[in-house]
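Heads up: the sequence shown begins at 36 in the working numbering, then just goes up one per residue. Ideal Cβ positions, reconstructed from N, Cα and C, are used throughout, including at glycine. Quantities reported herein were computed from a predicted structural model and do not represent experimental measurements. Heads up: the structure comes next, in structure tokens.
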Amino acid sequence: MKTLAVYNVKGGVGKTAAAVNLSYLAAASGHKTLLWDLDPQAAASWYLQTRPGEAPSKSQWKSAAAIQGLIQNTAYDKLDLIPAGADNRHLDIWLRKDDGAGVLKQRVKAMAADYDLVVLDCPPTLSHLADSIFAAADLVLVPVVPTHLSLRALKTLIDYFKESGLPRSRLKPFFSMVDRRRLLHRLLLEQPPKTMRDVCGAAIPYASAVERMGEYRAPVEVHESSSFAAQAYRELWEEIEPLVR
Numbered sequence: 036m037k038t039l040a041v042y043n044v045k046g047g048v049g050k051t052a053a054a055v056n057l058s059y060l061a062a063a064s065g066h067k068t069l070l071w072d073l074d075p076q077a078a079a080s081w082y083l084q085t086r087p088g089e090a091p092s093k094s095q096w097k098s099a100a101a102i103q104g105l106i107q108n109t110a111y112d113k114l115d116l117i118p119a120g121a122d123n124r125h126l127d128i129w130l131r132k133d134d135g136a137g138v139l140k141q142r143v144k145a146m147a148a149d150y151d152l153v154v155l156d157c158p159p160t161l162s163h164l165a166d167s168i169f170a171a172a173d174l175v176l177v178p179v180v181p182t183h184l185s186l187r188a189l190k191t192l193i194d195y196f197k198e199s200g201l202p203r204s205r206l207k208p209f210f211s212m213v214d215r216r217r218l219l220h221r222l223l224l225e226q227p228p229k230t231m232r233d234v235c236g237a238a239i240p241y242a243s244a245v246e247r248m249g250e251y252r253a254p255v256e257v258h259e260s261s262s263f264a265a266q267a268y269r270e271l272w273e274e275i276e277p278l279v280r
């Protein structure tokens, strides 16, 4: 089993949309997949139409079995979900009290008998929870909007990995919310800066098909499989799949 975290210290970069769409595509490719929503906004849980109010509580975090008991089926074959709720805002405190850079990793490992891939949809925070995510993940996929502020956020993450002794090779950036009508977006795609030296070839567009995930509460591939956005997510998954086998 492999663990893929979709993470950025910056919000509003298409992180949850990527987590949901990649999880769906992984399951459609035959991988038994668990999407774990760690974000208190619970957007991934909402997209997949899960039952509300069943996120892991403080007491349940202490037991891998208790968390596994909260796993919900989704409407899609081979794709399950651990939903989030407002209590997720306390995760930093709960994990710290449990001495927890390794707690999340232990909970994820407990899923190994049942899943090929665990996808973590992560909140935009550089915190103790982030340390737990980095410890648990085999690969950290980083959506980056082609703007200077978003690139600065990536540089912050790269520097943090270096300071923490974490391998840079576990970070994999990709361009997200790309608007090719904008000159800066086109220039950065054509000539990525050094921080994006290993950027994915696939770039996710700023597209209405992605926004309509909220209308249909479903992955793009389900409601608009012929769209440019759906094609881009498929291309991204094709790049990522060999890295999480």
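Residue i classed as buried or exposed, judged by whether at least 16 other C-beta atoms fall within 10 angstroms
i	result
His183	exposed
Ser243	exposed
Glu250	exposed
Pro228	exposed
Leu222	exposed
Arg142	buried
Ser204	exposed
Lys197	exposed
Ser288	The structure shown does not extend to residue 288, since the chain spans only 36 to 280, so no value can be given for it.
Glu256	buried
Leu199	Sequence check: residue 199 is Ser here, not Leu. So Ser199 counts as exposed.
Leu206	buried
Pro240	buried
Glu225	exposed
Ser261	exposed
Ala165	buried
Phe267	First, the amino acid is wrong: residue 267 is Ala here, not Phe. With 16 or more Cβ atoms within 10 Å of its Cβ, Ala267 is classed as buried.
Of the listed residues the options, nearest to residue i (C-alpha basis)
i	options	result
Ala237	Pro178, Glu250, Asp194, Ser261	Pro178
His163	Asp194, Tyr150, Trp129	Trp129
Phe263	Val245, Trp272, Leu278	Val245
Met248	Gly49, Ser94, Thr38	Gly49
Asp156	Ala171, Ala148, Ala145	Ala171
Arg131	Trp96, Gln103, Asp173	Trp96
Ser167	Arg280, Leu39, Leu139, Ala121	Leu139
Pro159	His66, Gly47, Ser94	Gly47
Asp127	Arg86, Asp112, Ser92	Ser92
Ile102	Asn108, Ser94, Thr109	Ser94
Ile275	His125, Leu218, Cys235, Ala253	Cys235
Val55	Ala121, Arg269, Ala100, Ala165	Arg269
Ala100	Asp194, Leu161, Lys144	Lys144
Val194	Gly137, Ala90, Glu273, Leu161	Checking the sequence shown, residue 194 turns out to be Asp, not Val. Of the listed residues, the one whose Cα sits closest to Asp194 is Leu161.
Ala253	His125, Phe169, Tyr111	Tyr111
Cβ-Cβ separation, residue j to residue i (assumed contact under 8 Å), whole Å
i	j	result
Asp74	Pro118	Not quite, the Cβ-Cβ distance comes to about 11 Å (not below 8 Å), so this is no contact.
Pro202	Leu189	Contact doesn't hold; Cβ gap of about 16 Å is too wide.
Leu83	Leu176	Contact doesn't hold; Cβ gap of about 19 Å is too wide.
Leu70	Leu105	13 Å between Cβ atoms; not a contact.
Ala53	Val44	15 Å between Cβ atoms; not a contact.
Leu186	Thr230	6 Å
Leu116	Ser80	7 Å
Lys67	Asp173	Not really, about 16 Å apart at Cβ, beyond 8 Å.
Pro283	Leu218	A query on residue 283 cannot be resolved here, the shown segment of the chain reaching from 36 to 280 and no further.
Glu259	Ala265	6 Å
Ala148	Asn123	About 25 Å separates the two Cβ atoms, so there is no contact after all.
Ala77	Gly120	6 Å
C-beta neighbour in chain B for residue i, strict 8 Å
i	result
Ala40	Absent here is chain B; the protein component of the structure consists of one chain.
heavy atom of the ligand COA below 7 Å from residue i C-beta
i	result
Pro91	For the structure depicted, the ligand COA is absent and the ligand set is empty, with no information on it obtainable.
Those residues which DSSP pairs with residue i across a bridge
i	result
Ile239	Note: Ile239 sits in no beta bridge, so no partner.
Asp115	Leu69, Asn108
Asp156	Val41, Asp72
Leu176	Val41, Lys207
Val213	Pro240
With contact counted as at least three CB pairs below 8 Å, one residue from each stretch, are the segment 143-160 and the segment 58-69 in contact? Contact holds between the segment 143-160 and the segment 58-69, because three or more Cβ pairs, one in each stretch, are under 8 Å apart.
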